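What follows is the structure, given as structure tokens:
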């Protein structure tokens, strides 16, 4: 993963992906359900699972590689620690996240912070960016964290407004009774 992150514009794509995942994390913090539409067939369900697994695995690897700052030992340790936690600790993590929702916000902000760092250090433009703005990396890190939390809450607020504005079909409601 560390070698791949040296490819021009790959960090840009990974950073944008991390921003999107962080925003979605914050946006769903108070929503009910998981927001995933059910598949119409077994193959549709398998496709959904494979895509979700690939995106989460890529996100995990990019975040660990970025946080390790090129230290191969830290990358390997991060992957060795995180994969079992994800596999075996998902239920425990959900209980903790439901009990302490501030952790979700902190996690989203952390993803934004790491995304900002990843975006600022892409080999295609990192030197030019650093020459233009001396503290570009810090600005991108803080900006990424703030952007993820603010945009996540804005999208959450907008979704709530839409739900409240939807017309209620009284005939359908009456037939349910």
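Residue numbers (this note's numbering): 230 to 406. Here a beta-carbon is modelled for each residue, glycine too, at the ideal position from N, C-alpha and C. Predicted, not measured: the structure shown is a model, and the values here were computed from it.
Check	Outcome
Check whether the segment 365 to 380 and the segment 341 to 355 touch, using three or more Cβ-Cβ pairs below 8 Å as the test.	yes
How would you write the range of the alpha helix (DSSP H) that residue 391 sits in, first residue to last?	365 to 394
Using the Cβ count rule (16 or more neighbours within 10 Å means buried), how would you classify residue 389?	exposed
Spatial neighbours of residue 359 within its chain, please: C-beta separation below 7 Å, excluding the five flanking residues on both sides.	365
For residue 296, which residues of its own chain have a beta-carbon under 8 Å away from its beta-carbon, when the five flanking residues on both sides are left out?	303, 307, 343
Determine, using beta carbons only, whether residue 352 and residue 253 come nearer to each other than 8 Å.	no
I need the DSSP call for residue 296, collapsed to helix, strand or coil.	helix
Indicate whether residue 251 and residue 341 have their beta-carbon atoms separated by less than 8 Å.	yes
When burial is assigned at 16 or more other CB atoms within 10 Å of the CB, is residue 298 buried or exposed?	exposed
Based on Cα-Cα distance, which residue from 249, 382, 248 lies nearest to residue 331?	382
Report all residues from its chain with a CB closer than 7 Å to the CB of residue 337; omit the five preceding and five following residues, and keep chain order.	251, 254, 255, 377, 378, 381
For residue 335, does the count of other Cβ atoms within 10 angstroms reach 16, so buried, or fall short, so exposed?	exposed
Closest by CA to residue 312, which one among 329, 293, 325?	293
Could you pull the start and end residues of the alpha helix (DSSP H) that residue 357 belongs to?	355 to 361
Give the secondary structure of residue 256 by DSSP, where H, G and I count as helix, E and B as strand, and everything else as coil.	helix
May I ask which residues mark the beginning and end of the alpha helix (DSSP H) holding residue 334?	331 to 349
What residues in its chain sit with their C-beta under 7 Å from that of residue 263, if we drop five residues either side in the sequence?	In this prediction, residue 263 scores a pLDDT of 48, lower than 50, which makes its location untrustworthy; the coordinate-derived value is nonetheless stated afterwards. Correct list: empty, nothing qualifies.
Give me, in chain order, the residues of the same chain whose beta-carbon lies closer than 6 Å to that of residue 265; leave out the 5 immediate sequence neighbours on both sides.	Residue placement at residue 265 is flagged as unreliable, the pLDDT there being 48, under the threshold of 50; the coordinate-derived value follows with that caveat. Excluding positions up to five away in sequence, the list is empty.
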